[in-house]
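Student: Per the working numbering: the sequence shown = residues 9 to 187. No residue lacks a Cβ here, since even glycine has one placed at the ideal position from N, Cα and C.
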Amino acid sequence: MSKQYVTETQFQRLFVALWPEDEVRTKLADKQLELKLGDYGRLIPAANLHITLLFLGDVQLSEIPEIEGFVKSIELTPFSFSISKIGFWPHNKIVWAGPEDTKAELEDLSNQIQTGLKRYVSDRRKFTPHVTLARKVRRRVQCALTPIEWQVGKVYLVRSVLSHKGAQYKLIASSGGSG
9 MSKQYVTETQ FQRLFVALWP EDEVRTKLAD KQLELKLGDY GRLIPAANLH ITLLFLGDVQ
69 LSEIPEIEGF VKSIELTPFS FSISKIGFWP HNKIVWAGPE DTKAELEDLS NQIQTGLKRY
129 VSDRRKFTPH VTLARKVRRR VQCALTPIEW QVGKVYLVRS VLSHKGAQYK LIASSGGSG
């Protein structure tokens, strides 16, 4: 039997996310600059700032239409929450911004997506809503954050292409609703 080689064109790296409006993105990008990391970390490009609701990883091309259909079918009543704190996870060297407490609507949305797409997910981590601001951070940063109000009106299916320049994201489907 001959070996079959899998090419990366048979898969796409996907995740489901909340994508901020421009005003929220600008405020988060401004906060990144206040971190003053210098050579102590790498800021995430402002265009890539988001909250991952569910990471799917490498998905076969044949499965993507079903996932797109699920995302498009999500009926979302718009809600808002506050990004109100900056945190640091030393184990993976990430500085992040997130809500002080997870709002029920955010938790419910995450659970709905995890339940609807459970057959595509092997790693079921507890949902911790956050926006990654910087990676490879070599020291804890202290930074105050004036709360940033995030209006949620849509959920997005996003393709991630990794390269030596970092991740490039493309929004490929969204739920109904306003926003």
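(1) Are the stretch 82-98 and the stretch 166-175 touching, with three or more C-beta to C-beta distances below 8 Å?
(2) Assign Gln40 to one of two classes, buried (16 or more other C-beta atoms within 10 Å of its C-beta) or exposed (fewer than that).
(3) When burial is assigned at 16 or more other CB atoms within 10 Å of the CB, is Gln176 buried or exposed?
(4) Closer than 6 Å by C-beta to Trp27: which residues in its own chain qualify, once you throw out the five before and the five after it? Chain order, please.
(5) Anyone know if the C-beta pair for Thr34 and Ala54 falls short of 9 Å?
(6) Could you name the residues of the same chain whose beta carbon sits closer than 8 Å to that of Trp104, not counting the 5 residues immediately before and after it, in chain order?
(7) DSSP beta-bridge partners for Lys178?
(8) Residues in its own chain within less than 6 Å of Gly124 by CB, not counting five upstream and five downstream?
(9) Under 9 Å between the Cβ atoms of Leu61 and Ile156?
(10) Check whether chain D comes within 9 Å of Trp97, counting only Cβ atoms and requiring the distance to be less than that.
(11) Could you pull the DSSP bridge partners for Lys93 from this structure?
(12) For Gln18, which of helix, strand or coil comes out of DSSP?
(13) Arg143 bridges to which residues according to DSSP?
(14) Would you report the Cα separation of Leu69 and Gln20, rounded to the nearest angstrom?
(15) Nearest-angstrom Cα distance between Gln12 and Gly65?
(16) If Phe23 and Ser183 are in contact, beta carbons under 8 Å, what's the gap, nearest whole angstrom?
(17) Could you name the residues that DSSP lists as bridge partners for Gln159?
Tutor: Considering the structure as presented:
(1) no
(2) Taking the sequence shown and counting its residues from 1, the one referred to as residue 40 is at position 32. Buried, because 16 or more other Cβ atoms sit within 10 Å of the Cβ of Gln40.
(3) Looking up residue 176 in the sequence shown gives position 168. Counting Cβ neighbours within 10 Å, Gln176 comes out exposed, since fewer than 16 surround it.
(4) Along the sequence shown, read from residue 1 onward, the residue named residue 27 stands at position 19. For Trp27, where only same-chain residues beyond five positions count, the Cβ hits under 6 Å are His58 and Tyr164.
(5) Position 26 of the sequence shown, counting from 1, holds the residue named residue 34. Position 46 of the sequence shown, counting from 1, holds the residue named residue 54. Yes, the pair counts as a contact, with Cβ atoms nearer than the cut-off.
(6) For the purposes of this step, residue 104 is taken as residue 96 along the sequence shown, with counting starting at 1. Ile94, Gly95, Phe96, Trp97, His138, Val139, Thr140 and Leu141, listed in sequence order.
(7) Start at 1 with the first residue of the sequence shown, and residue 178 comes out as number 170. In the DSSP output, where bridge partners are listed per residue, Lys178 has Arg167.
(8) Locating residue 124 in the sequence shown gives position 116, where the first residue counts as 1. Once the five neighbours on either side are set aside, the close Cβ partners of Gly124 are Phe78.
(9) Numbered from its first residue, the sequence shown carries residue 61 at position 53. Numbered from its first residue, the sequence shown carries residue 156 at position 148. Against a cut-off of 9 Å, the Cβ pair of Ile156 and Leu61 comes out as no contact.
(10) Among the chains of the structure shown, chain D does not appear; only one protein chain is present.
(11) By 1-based counting over the sequence shown, the position of residue 93 is 85. Gly106, per the DSSP bridge assignment.
(12) In the sequence shown, counting from the first residue as 1, residue 18 sits at position 10. If DSSP states are grouped into helix, strand and coil, Gln18 belongs with the helices.
(13) Here residue 143 corresponds to residue number 135 of the sequence shown, with the count starting at 1. Answer by DSSP bridge pairing, in chain order: Arg50.
(14) In the sequence shown, residue 69 corresponds to position 61, counting from 1. In the sequence shown, residue 20 corresponds to position 12, counting from 1. Leu69 and Gln20: Cα-Cα distance of roughly 7 Å.
(15) Residue numbering aside, residue 12 sits at position 4 when the sequence shown is read from its first letter. Residue numbering aside, residue 65 sits at position 57 when the sequence shown is read from its first letter. Below a pLDDT of 50, predicted positions are generally treated as unreliable, and Gln12, at 47, falls in that range; no measurement from the model is reported.
(16) The count along the sequence shown starts at 1 and reaches residue 23 at position 15. The count along the sequence shown starts at 1 and reaches residue 183 at position 175. Contact doesn't hold; Cβ gap of about 14 Å is too wide.
(17) In the sequence shown, residue 159 corresponds to position 151, counting from 1. According to DSSP, Gln159 bridges with Ser88.
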